[in-house]
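All letters in the sequence shown, in the order written, are residues 79 to 1192 by the numbering used here.
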Amino acid sequence: RRLRNHDPRPQPKPTQTPATSKYSKQALRLAQGPSNQTRTQRRTITQDRRSSFTQKRTTEAPTPNRRTPAAATTQDTPTTPPKTHNTQKPARKRGPDPGLLRFLSRSSQGGAGTFKREPDAGEDFHARPALLIDPRGHHRRCHPGRGYAGGSHVAGGTQHASARSPNTEKAAGEAAQKARQRWQVQWVAQREAWLVRTPSINDKKSNYQRKLEAKASRAAGEAARVTRSVAELLHALRKELLSDAKARSCRDLVLRQAWFRIATQLTHERAPWYFPESFPANWELDPTEGPSRVRRRLRRAFLGVGPQFLKPEFRGALGNPDMVPPLHFLYDSDASQGESATFLHHLYINERITHTSKCTRVFPSSEMHGEVLLGENSLQFVPEELGKHKCALGEEEARHEVWPYAEVQEVLLRRFRLRDNALELFLRNGVTALLAFQTTQDRNEFCRHLRQCPQLQVQPPEALETLSQRWQERRLTNFEYLTQLNKLAGRSFNDLMQYPVFPFVLAHYEGHSLDLEDHTAFRQLERPIAVQDPSREAHYLHNFRVEQSTLPEERLLPWLGPFHYGSHYSNSGTVLQFLVRLPPFTQMFLSYQGNQFDLPDRTFHSLHTTWRLASRDSTTDVKELIPEFFYLPEFLVNGQGFDLGVRQTGEVVSDVNLPPWCRGDPRLFVLVHRQALESDHVTERLGHWIDLVFGYKQTGKAAQDAINVFHPATYYGVDVSLFAHDTVMQEALETMICTYGQMPRQLFSSPHPLVSLPLASVQQRNAPLPTTQVAMAEIRGLRWGSYVGSPSDPAPRLVLVRAPLGDQSLVGKLLPLRTNDVWGLPPNSCLLLGYSHDKEGPKTATQTYISSTALVSWQHADGLVRLKLHKEEVPVPLLGPCPGDAVSLCSTAPDCHLLFVGYSSGLITIHKVRLSGTKVDNTSKPACLLGHTDAITAVQVCTAFGLVVTASRDGSSIVWDLNRLEYVRTVVAGRRPICLVCVSDTLGDIATVEADAGSSTGSTLHVHTLNGVSVGELTTDVPVSALCYSAANEGISINVLAAGFTDGRIRLWSSWDLSPVRDISSDKCSLPIISLAYSQDQQHLYAADSQGSVFAWEGRARNGAHFPRFHLLL
C-alpha cells in the first residue's frame, strides 16, 4: 500500500524499520551486500544520482497537487513526516506476501539491480514515475525517458552526489547481480519447501474427508442392505398375497364353472328344476363343423329381438333373456363380468406362457379384441372384457377360450379386410377360430412360436396338385373339392365378407319334374352368373368401356380402374339375405338393415325369383350361392316365426317357395340339389367355373375377355393407409371393403384341368337295372350309389359265415374301423381305440393305423367295470360299483377318449380315459348327464357331428352335445321303451326303435334329423333287433337304413323318405340279428346273431375281388 501511494517528496528516514514479513527482511538483508566498503560506494553513488535527479526536476513544471523538490529546498526547517492514521501493527500472514511474490517474480524481467512495478489495471504507465528499489533496498523514482533519479531522503534538503568512476559503478553492478542471484536461489528453495509443506495440510484434510466418506459409505451400505431386506420381504409378502389371490380366484372360477354345469344339468326341460320362463325355447345355428365343414346342428338360444319382429303365435316362445335363471346365485358373480384381460392373465393362467400377442378374434357378427397366449399345453384367447357386448351386427359373449394343442388339427394363413395378417385354427372337435393380428410381422412371429410348441401336431394342408388329381380320379366329390378350394382360398364361415361361395347349378325351378341327365336343366358354368343370358353382355361391356374412357382425375378414386360389375357375387349382404330366417343371422340382418327387415318383395322368398334376378332380370344382382343350399334345409324354413311382411301380390313371406319337383320339402330339395352338383354334366364343366372364381380368369386380360372384372375395391392389394391424410376417403374405402365383398385368393394361374368321364362308365352308371327302384318319381337321374344292398347293384351275396367255437368266442357287437376292418367284441363290452395318421400326406384309409386299444367290460358279479389292454392280461378294475345302482351298459366310439356309463336309474356318467402305451389315465372327475328316469338301454356316440344320443326304458331319446356335454333336445318322448338308437355319419339323422322287452308284436321305427325334424315313422310286424346306416358319399349315393329282425332277415329303407329298398336274407341266418355294421368302403355288410355267429354279404366288386376283413377281439 505504501509503494502504490508513494509520495515523490523526500521523506526522512524513519528511526525504526516498519514491521515486515520474514521474507521481506531476508530479501532486504541479501540486497545490502556483504561488506562495508561496498555499502559506502553504493551510498556515494546513490547520493550523486539523487542530487542529479533533484537538479533536473527543479527545471520542470510542478505537478498539480504535488510539492516540487525546488519548493522543498526553500524551507529551512525539515519537513515533518506525515502522520499515519493506521498505527496498528498489521496482522501476520501465512506464507509469503502476495505483493512481494508478484514484485519479485516480475523483477526477473528487468535489468541488473532494477525491479519494476507493473501498472495497475486502468493506470497510465507514463502518468507517474516508476518505483524502483536498488539492491540496498532504497526507493527510487524514474520517469520514462529520464533515466534514474536517486538520493537519500534527508531532513531539510537534497544531497548532491559527486562524480562516479566507471569501475566503481561496474563493481557495484556485479555485486548487485550476484546478490540478486543468491537471493533468487534461496527464494526458490524456500518457495519449494513451502510448497512441499503446504500439501501436508491438505493431506490432513483429505485424510479427514476420507474417514468421513468411509463412514458415510458404510452407513449408506447398511441403509441399502436394510432397504433391500425390507424390499425383499415386501416382495415376498406381495408375491405370497398374489399367489393366494390367484389360487383363490382360480378356485372360485373352477367352483363357479362347476356350479354352472350343475345348474345347467338341473334346469333343462328334462331336469327337476325346469322353469320354462328362463329356459330358451328358440334355436340358432351351431358353428361347430361336421364332415366336409358342413354345419347342420342347431342349439338353444334367446333371440334377443323385440316381439314386433315375430308373428303373434310365436311371441310366447320368445322368453325373457334378462330373467334371472334358477340357481344363478351358485355361479353368478358381479366381478366376473368386469375382469380385464390383464387380471385374467395373472390370475387364471396356471401354466407358463411362452409368447403373447395382441389380436382380434373375428366372428360373423363382431370383432372381439384381446390377447392370444401360448402356454405349455394349450393355446388360449383372453378377451379384453368378459360378458356379453353389443356388436356391429348383434350381440356376442366374450369368454376365455382354451384350446389344447392336442385338439388343434390345422393352422392356415388368412386375409382380413384385404390384408395378409390373419390365421384360422381348425380343431378336431369342429370348432374354428379366426384371429387377425395388427401386422403381417406379428402374425408370422406368432406362427413361428406356435410351430415350436412340442405338443402341437398339426396336419399340413394337402397340396393343391394332389387335391386336383384326387378330384379328377373321382376320389373326391364335387362338394368336397369345392369345400377344400374355398378353404385354401381363404374363405371362412367366421367372416361374412369371405364366406364360402358355391355356384348356381340348376336353371330349372318351376316344373313338377327334373331331369338331371338333361343339360338344359343346368346353368352355363363357363359364363359368369350375370351373363347367362347373352343379351346382357352388351350392358356390362358398355359399363367397362365407360369406366375405361373416364380420366383418372374424374373418378371418385383416381386408382379405380374399369370394371364390369359394381358389386360382388359374395358379400355380407348376400349371405345375410339368404340366411335371414336362421338365427343368429336374423339379428345380424336386422342390424344391417337399420333394425328392420327388408321390403317383402326384396326379401329372399323364392328360388325361382332369385335365379331369375341373378341370371336375367337384374343388372346389379350377380350373386352366387352359399354352401347351405347343399346340406342345410333349416335356413329355407321360417321355423322361429319371424314376421317378414306381405308382398304387393298379397302373398305372405314366410318359408322359401321351393320348386314343385321337391314336393315342397326343404330336406328333399337339399338332397336333390346335392345330387345335381354331383351330376356328370356339372362334373365335366366345373373346371370352367373354378377358372372364373379361383383361377386365371379372376384377373387380367383373361378376366376382361370373360366379362369377369369386378369393382377394384374387392381385389387384394388395396391399401387403406395411402389415404391416412384424408379421413373421409379412408373411411369410404374401408366401408367399400367391408360391404362390396372380397375376391378369393387366386389358386390357379392356368386353365383348370377338366374331368373327362369315360363313356362306358357313364352309360353303365346311367343304365338302370331292370329291377332298379326309383328314389323319387319327380326326379330322373338320381344315383343310389355303390354299397351292399344298393338298387343299382346286383343282389348281395353271402361271402362269410363264422360259427362260434365256444362261449368265449361269442360276438355281442360289431365295430367297424377306418382301416376297413370290422372287429367282433364280446357281449357286454366296448372298445377304447385311438387312431394315428401319417403327417406327410392326406388322411386316407391306407394311411390310418391303430395306435392304442383297451377293452372295457361290465356286468361282472362284483359290479365292477374292468379294462384290459392286452389279450393275455387279466382285466383290471376301472370303475367301482355304485351303491344302490347297477351299470346297465358302457359305450364309446373310435378315436374318442370319453367313456359313457349308463346306470339302471337313468344316470349317465362320462369319464375321460386316455391311453398311453401300457398306461391308463382316468384321474379326472366324471361328468353327469341327467334326463332319464329309468334304465339306460342305448348310447350312440357320433363324433362326425359332435353329438351323443341316449335312450331309456322310460321311452325318451335325448340328444347331448359331445363337446360341451350339455342337453340339446329330446327327439322322442313316447310311452314304450326305446331299445335301439342309430345315428347316420353322413346326414346326422337319428333312428330309434320302440319295442317292449321280450314282445313279439313288432316295433315302431322313428327317424328324425339331428335338429329334431321328423323324417318318417313306420311299424314292423317283426321286432327290430339291430340298426345301422350305410355311409356312402352324399351326392353320389342315397344311403339306406338297415334293420335286423328277430327272424334273421335284414331290411333296407331309403334314408331320404323311409321307402323300402331291399331285403337281404339267407338260409344260414335264421336267428335274431343282434348287431349290424357296414365296412368303411361300404362293400361288405356284417351281421351277428344271438348265438355269436358272424355273416358278411358283399355287393358289387370293383377293381378286383374284395375279401371281408373280420377279426374277433377276446
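All C-beta atoms in this analysis are idealised placements derived from N, C-alpha and C, irrespective of residue type, glycine included.
Alpha-carbon spacing of residue i relative to residue j, whole angstroms
| i | j | result |
| --- | --- | --- |
| P112 | S284 | For P112, the predicted model reports a pLDDT of 49, less than 50, meaning its position is unreliable and no value from the coordinates is stated. |
| V991 | G778 | 56 Å |
| G1177 | P1186 | 11 Å |
| L584 | A754 | 7 Å |
| L425 | S327 | In this prediction, L425 has a pLDDT of 48, which is less than 50 and means its spatial position is unreliable; what the coordinates show is noted afterwards. Roughly 7 Å between the two C-alpha positions. |
| F59 | S1153 | Limits of the chain in this structure are 79 at one end and 1192 at the other, which puts residue 59 out of reach. |
| A336 | F407 | 13 Å |
| D330 | L503 | 30 Å |
| F1188 | T1048 | 36 Å |
| R172 | A302 | Low confidence applies here, because R172 scores a pLDDT of 48, under 50, leaving its location unreliable; read the following figure in that light. Roughly 45 Å between the two C-alpha positions. |
| A599 | V760 | 11 Å |
| S1035 | W361 | 19 Å |
| G568 | P539 | 13 Å |
| D1141 | G394 | 47 Å |
| Q268 | A253 | 22 Å |
| M821 | H617 | 23 Å |
| A249 | R260 | 17 Å |
| S1137 | L746 | 13 Å |
Segment limits, alpha helix (DSSP H) that includes residue i
| i | result |
| --- | --- |
| F747 | 744-755 |
| G651 | 650-656 |
| Y618 | 615-627 |
| C968 | C968 -> not in any alpha helix (DSSP H); beta strand (DSSP E) instead, spanning 965-969. |
| K701 | Segment: none, K701 is in no alpha helix (DSSP H) and carries neither H nor E. |
| R548 | 542-550 |
Residue burial classification, residue i (beta-carbon count within 10 angstroms, cutoff 16)
| i | result |
| --- | --- |
| N572 | buried |
| T688 | buried |
| C1006 | exposed |
| T652 | buried |
| E702 | buried |
| K997 | exposed |
| W351 | exposed |
| A62 | Any property of residue 62 remains undetermined from this structure, which presents the chain solely from 79 to 1192. |
| G1000 | Sequence check: residue 1000 is Asn here, not Gly. Burial call: exposed. |
Nearest candidate by alpha-carbon position, reference residue i, set the options
| i | options | result |
| --- | --- | --- |
| P905 | S914, L888, L895, F353 | L888 |
| E756 | R725, K701, T727, E595 | E595 |
| I431 | S982, L457, P1055 | L457 |
| R492 | A484, C525, S435 | C525 |
| L1193 | G723, S684, T727 | Residue coverage of the chain in this structure runs from 79 to 1192, which leaves residue 1193 outside it and unanswerable. |
| T1082 | D963, H346, T1098 | T1098 |
| S828 | E543, Y577, G723 | E543 |
| G863 | S1132, L315, E318 | S1132 |
| W481 | L528, P959, R521, R374 | L528 |
| N556 | A484, Q655, G867, S370 | S370 |
| H478 | C974, Q537, L471, E449 | E449 |
| S1143 | S1115, F1173, P961 | F1173 |
| G508 | G1094, D364, P461, R548 | D364 |
| D733 | G958, E475, F682 | F682 |
First and last residue of the uninterrupted beta strand (DSSP E) at residue i
| i | result |
| --- | --- |
| S1108 | It is not in any beta strand (DSSP E) - S1108 carries neither H nor E in the DSSP assignment. |
| K565 | Looking at the DSSP string, K565 is not in any beta strand (DSSP E); the run it does join, the alpha helix (DSSP H), is 556-566. |
| Y927 | 926-935 |
| E362 | 360-363 |
| D1099 | Premise fails: D1099 is in no beta strand (DSSP E) and is neither H nor E. |
| Y1196 | Nothing about residue 1196 can be reported from this structure: the residues present for the chain run from 79 to 1192 only. |
| N499 | 497-505 |
| C1057 | 1056-1061 |
| Q458 | 456-461 |
Proximal residues to residue i (C-beta, below 8 Å), its chain only, five neighbours per side dropped
| i | result |
| --- | --- |
| G1122 | V1102, S1103, A1104, L1105, I1128, P1150, I1151, I1152, S1153, L1154, A1165 |
| E355 | G397, N398, M401 |
Neighbourhood of residue i by C-beta, 7 Å cutoff - its chain only, sequence neighbours within 5 removed
| i | result |
| --- | --- |
| E488 | F504, V536, Q537, P539 |
Close beta carbons around residue i, own chain, < 6 Å, minus the five adjacent residues each side
| i | result |
| --- | --- |
| Q353 | Position check: residue 353 holds Phe in this sequence, whereas Gln was assumed. Cβ neighbours of F353 beyond the five flanking positions: P404. |
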